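Novice:
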Amino acid sequence: MVRLVLFGPPGAGKGTQAEVLSERLSVPHISTGDLFRSNIGNQTPLGVKAKSYLDAGELVPDEVTNEMVRVRLAEPDAREGFLLDGYPRTTPQADVLGEILAELGVELSAVLQFEVGEDELVRRMLERGREDDNEDVIRRRLAVYREETEPLLDYYGDKVVTIDAVGTIEEISERALQAVRARS
Ligand code: AMP
Numbered sequence: 026m027v028r029l030v031l032f033g034p035p036g037a038g039k040g041t042q043a044e045v046l047s048e049r050l051s052v053p054h055i056s057t058g059d060l061f062r063s064n065i066g067n068q069t070p071l072g073v074k075a076k077s078y079l080d081a082g083e084l085v086p087d088e089v090t091n092e093m094v095r096v097r098l099a100e101p102d103a104r105e106g107f108l109l110d111g112y113p114r115t116t117p118q119a120d121v122l123g124e125i126l127a128e129l130g131v132e133l134s135a136v137l138q139f140e141v142g143e144d145e146l147v148r149r150m151l152e153r154g155r156e157d158d159n160e161d162v163i164r165r166r167l168a169v170y171r172e173e174t175e176p177l178l179d180y181y182g183d184k185v186v187t188i189d190a191v192g193t194i195e196e197i198s199e200r201a202l203q204a205v206r207a208r209s
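Heads up, the sequence shown is in the numbering used here, so the first residue is 26 and it goes up one at a time.
#1: From Pro70 to Leu146, what distance separates their C-alpha atoms?
#2: Straight-line CA distance for Met150 to Glu143?
#3: Looking at the secondary structure, which residues open and close the alpha helix (DSSP H) in which Thr203 lies?
#4: Can you give the Cα-Cα distance for Asp4 and Ile197, rounded to whole angstroms?
#5: Quick check for students: name the residue ranges of the beta strand (DSSP E) that lie wholly in the segment 67-118, counting only runs of 3 or more.
#6: Give the DSSP-derived three-state secondary structure of Ala218 in the structure shown.
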């Protein structure tokens, strides 16, 4: 059973890799960004709370995000493993994830860190053209990543496996699968 956190700056291809790995490993892909975007699309109360943060490239407050993840991880499909994409992004979120996993009596298999240089990241994001992918918002999201999220690499220590995320989708997913096999 495999329980993964995918980690890496916006634009590193986490979402694409998450989809491939989710299929290959038969575990649900849980993307907090996708959950927020679908709530925003459906204009749910959660979506209404989250929208201004996504638009600005800022993080949605931890309480809101943690509660959403707690509910999602309690669903039956997540009992057989999962792949978290875009969560945790702050130390308090990592603490809450630790509590949730302890309550469920399970542990993370690994934290896969997707590594890509900064110029390549901006280039990829501008190409992707999502609504929050204009240059100011991209730069803000990268800064938020450096400040709030990157410190989690130390937090997770030995759990972190670094994957070179430059190459074709298949090359990168093969590297990731090898790392997962070595860990689970
Ligand atoms: P993503 O699709 O992972 O790039 O996330 C898009 C946006 O959703 C981020 O810029 C944040 O505004 C919000 N978001 C996604 N995941 C989180 C999280 N773990 N904590 C706070 N905000 C998040």
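Built from N, CA and C at the ideal position, the CB exists for glycine as well. As the structure is a computational prediction, the values presented were derived from the model and not from experiment.
Specialist: Taking the structure as given:
#1: 32 Å
#2: Straight-line Cα distance between these residues: approximately 11 Å.
#3: Per the sequence presented here, residue 203 reads as Gln, with Thr not at that position. That run of the alpha helix (DSSP H) goes 194-208.
#4: The chain is shown from 26 up to 209; residue 4 falls before or after that span and cannot be answered.
#5: 107-110
#6: Any property of residue 218 remains undetermined from this structure, which presents the chain solely from 26 to 209.
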